[in-house]
Amino acid sequence: MSTKKPASSAASTVRATASRSPRSTAPAPSPARQRVGVVGLGIMGSAMAGNLRKDGFDVWGFDPSPAARKALKAMGGTVCKSATELAGLVDVVITSLPGPAAMRDAASDLAAGARKGLVVIETSTLDIDDKAQARDVLAKAGAVLLDCPLSGTGAQAAAKDLTIYASGPAAAIRKVEPVFKGFTSAQFNLGAFGNGMKMKLMANLLVAIHNVSTAEALLLGQRWGISPGTAVKVLAGGAGGSRMLQVRGPQMENEGWKTVTMKIAVWQKDMKLIAAALKETGVPAPLFAATVPLYDAAMGMGHGLHDTAAVFDVLDRMSRPAA
Numbered sequence: 001m002s003t004k005k006p007a008s009s010a011a012s013t014v015r016a017t018a019s020r021s022p023r024s025t026a027p028a029p030s031p032a033r034q035r036v037g038v039v040g041l042g043i044m045g046s047a048m049a050g051n052l053r054k055d056g057f058d059v060w061g062f063d064p065s066p067a068a069r070k071a072l073k074a075m076g077g078t079v080c081k082s083a084t085e086l087a088g089l090v091d092v093v094i095t096s097l098p099g100p101a102a103m104r105d106a107a108s109d110l111a112a113g114a115r116k117g118l119v120v121i122e123t124s125t126l127d128i129d130d131k132a133q134a135r136d137v138l139a140k141a142g143a144v145l146l147d148c149p150l151s152g153t154g155a156q157a158a159a160k161d162l163t164i165y166a167s168g169p170a171a172a173i174r175k176v177e178p179v180f181k182g183f184t185s186a187q188f189n190l191g192a193f194g195n196g197m198k199m200k201l202m203a204n205l206l207v208a209i210h211n212v213s214t215a216e217a218l219l220l221g222q223r224w225g226i227s228p229g230t231a232v233k234v235l236a237g238g239a240g241g242s243r244m245l246q247v248r249g250p251q252m253e254n255e256g257w258k259t260v261t262m263k264i265a266v267w268q269k270d271m272k273l274i275a276a277a278l279k280e281t282g283v284p285a286p287l288f289a290a291t292v293p294l295y296d297a298a299m300g301m302g303h304g305l306h307d308t309a310a311v312f313d314v315l316d317r318m319s320r321p322a323a
């Protein structure tokens, strides 16, 4: 993953990173008048579409999955036959995609139908270079792609408890602020394109570690006869508490990892992006490195389609006495 600095100085990047989205001096357009499309209606995309509908937005959507399209229709959204059709009907598009190939396809399809001035809010966790290529494809069609990854699990997305890390042209970010507020609880403008993904990888490095440390602490308690549910209630508000303890801890009891908010198989992509960024920048990360074999083991133990809370099961099974 390329993490080359933008043309602006490091100092200006830091200043931009610390600032919340600036408010436009012009009156914000009515949210109901902004037509929003969502490409990728999986766990995150469907949750965003649902919250936008609740907030009064008209929502169009596309996903290759018939079940995802059916769910969008059930929440009052309009199903499109393709991303190209969708791009010609809306003012703003949100993309939530599983990998770089899907990003390339979506960019090409959206560009084929885009009207000049279309803004694409790209929320996926992908390599900055892949997002930049998509940005350039859309720019030729007169559309602007923003790098806007999200912090939060699928459950948080459903509860409209997401943070968005927006980066790209300031005017485009101001234009879509009402849309941001329709599916997130906190919004940050981080300046130059790509800074959103950099912040996202920092956040996910912490998530990787906190998720495993949560599993370690809860397994220790369970071995002492303290249930994970009780431990979460007692520890969450103390000095050792963390957001991962709060949102993933409850899933570590009674095989709660079978209720999925982030699949282990998808998380592997994020782990690789973090590892590449650490290598490129020369940052030592012994704690992150210690989590890698545990997530790999989860894949090997058949947890690929389960939630990342399944690392609890990995630790439990690897520490049981041999039969």
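Under the UniProt record's numbering, the first residue of the sequence shown carries the number 1, and numbering increases by one thereafter. Note that beta-carbon positions come from the ideal geometry of N, C-alpha and C, so glycine has one too. The structure displayed is predicted, hence computed values, not measured ones.
Within the same chain, show all residues whose beta-carbon is closer than 7 Å to that of residue 320, passing over the 5 residues directly before and after it, in chain order.
The answer is none, since no qualifying residue turns up.
Hey, could you find the ends of the alpha helix (DSSP H) residue 156 is sitting in?
Taken as a continuous stretch (DSSP letters only), the alpha helix (DSSP H) holding residue 156 covers 154-158.
Rounding to the nearest angstrom, what Cα-Cα distance links residue 235 and residue 302 in this structure?
Answer to the nearest angstrom: the Cα atoms are 30 Å apart.
Quick check on residue 34: does DSSP put it in helix, strand or coil?
Of the three classes helix, strand and coil, the one that applies to residue 34 here is coil, per DSSP.
Taking residue 91 and residue 118 to be in contact with their CB atoms under 8 Å, please state how far apart those CB atoms are, rounded to whole angstroms.
7 Å between Cβ atoms; contact.
What are the start and end residues of the alpha helix (DSSP H) that includes residue 235?
Unbroken alpha helix (DSSP H) run through residue 235: 228-235.
Are residue 314 and residue 294 touching if we call contact CB-CB under 8 Å?
Against a cut-off of 8 Å, the Cβ pair of residue 294 and residue 314 comes out as a contact.
Does DSSP put residue 192 in a helix, in a strand, or in coil?
DSSP places residue 192 in coil when its eight states are reduced to three.
Where residue 254 and residue 142 are concerned, what is the direct C-alpha to C-alpha distance, given to the nearest angstrom?
Those two C-alpha atoms are separated by around 51 Å.
Taking the alpha-carbon positions, what's the residue 174 to residue 146 distance?
Each residue's alpha carbon lies about 11 Å from the other.
If distances are taken between C-alpha atoms only, which option among 74, 120 and 101 comes closest to residue 269?
Out of 74, 120 and 101, 101 has the C-alpha closest to the C-alpha of residue 269.
Closest by CA to residue 209, which one among 129, 81 and 288?
It is 288 whose Cα lies nearest to the Cα of residue 209.
Taking C-alpha atoms, which residue in 251, 296, 160 and 278 lies nearest to residue 52?
Closest option to residue 52, Cα to Cα, is 160.
Between which two residues does the beta strand (DSSP E) harbouring residue 119 extend?
First-last of the beta strand (DSSP E) with residue 119: 119-122.
Let me know the secondary structure DSSP gives residue 285 once reduced to three states.
Three-state result, residue 285: coil.
Mark residue 283 as exposed unless 16 or more other C-beta atoms lie within 10 angstroms of its C-beta, in which case mark it buried.
Exposed: under 16 other Cβ atoms inside 10 Å.
How would you label residue 220, buried or exposed, when you count the other beta carbons within 10 angstroms and need 16 or more for buried?
So residue 220 counts as exposed.
Consult DSSP for residue 307 and reduce its assignment to one of helix, strand or coil.
DSSP places residue 307 in strand when its eight states are reduced to three.
Return yes when the C-beta of residue 102 is under 7 Å from any heavy atom of the ligand MN, and no when it is not.
The ligand MN is not part of this structure, which contains no ligands at all.
DSSP three-state label for residue 175, please.
Correct three-state label for residue 175: helix.
Would the stretch 179-198 and the stretch 157-171 be scored as touching if the rule is three or more Cβ pairs under 8 Å?
The stretch 179-198, when compared against the stretch 157-171, does touch it at the 8 Å Cβ threshold.
Using the beta-carbon count (16 or more within 10 Å), is residue 228 buried or exposed?
Per the 10 Å Cβ criterion, buried.
Can you list, in chain order, the residues of its chain with a C-beta nearer than 7 Å to that of residue 116? Leave out the 5 residues immediately preceding and following it.
Cβ neighbours of residue 116 beyond the five flanking positions: 142.
Pull up the DSSP beta-bridge partners for residue 59, would you.
Answer by DSSP bridge pairing, in chain order: 36.
Buried or exposed: where does residue 135 fall if 16 or more other Cβ atoms within 10 Å of its Cβ makes it buried?
Answer is buried; the Cβ neighbour count reaches 16.
Measure from the alpha carbon of residue 318 to the alpha carbon of each residue in 256, 120 and 215, then state which is nearest.
The candidate whose alpha carbon is nearest that of residue 318 is 215.
Considering residue 84, what are the terminal residues of the alpha helix (DSSP H) in which it resides?
Unbroken alpha helix (DSSP H) run through residue 84: 83-87.
For residue 272, count the other beta carbons within 10 Å of its own beta carbon; 16 or more makes it buried, fewer makes it exposed. Which is it?
Label assigned to residue 272: exposed.
Extract the residue ranges of the alpha helix (DSSP H) inside the stretch 240-266, only unbroken runs of 4 or more that lie entirely within it.
Counting whole runs of 4 or more residues, the stretch 240-266 contains the alpha helix (DSSP H) stretches 243-248.
Straight-line CA distance for residue 352 to residue 158?
Examination of residue 352 is not possible in this model, given that the chain is present from 1 through 323 alone.
Applying the 10 Å Cβ sphere with the 16-neighbour rule, what's the burial state of residue 28?
With a pLDDT of 43 at residue 28, under the threshold of 50, the modelled position of this residue cannot be trusted; read the value that follows with caution. So residue 28 counts as exposed.
Using the three-state DSSP reduction, which class does residue 291 fall into: helix, strand or coil?
Residue state, collapsed to three classes: helix.
Who are the Cβ neighbours of residue 23 in its own chain at under 7 Å, not counting the five residues just before and after it?
Any reading at residue 23 must be qualified, since the residue scores a pLDDT of 44, below 50, and its modelled position is unreliable; the value itself is stated next. Nothing listed; no residue qualifies.
Would you call the stretch 74-93 in contact with the stretch 37-44, where contact means no fewer than 3 C-beta pairs closer than 8 Å?
Result yes; three or more Cβ-Cβ pairs closer than 8 Å.
Tell me whether the stretch 175-185 and the stretch 73-82 touch, counting them as touching only if at least three CB pairs, one residue from each stretch, are closer than 8 Å.
No, the stretch 175-185 is not in contact with the stretch 73-82.
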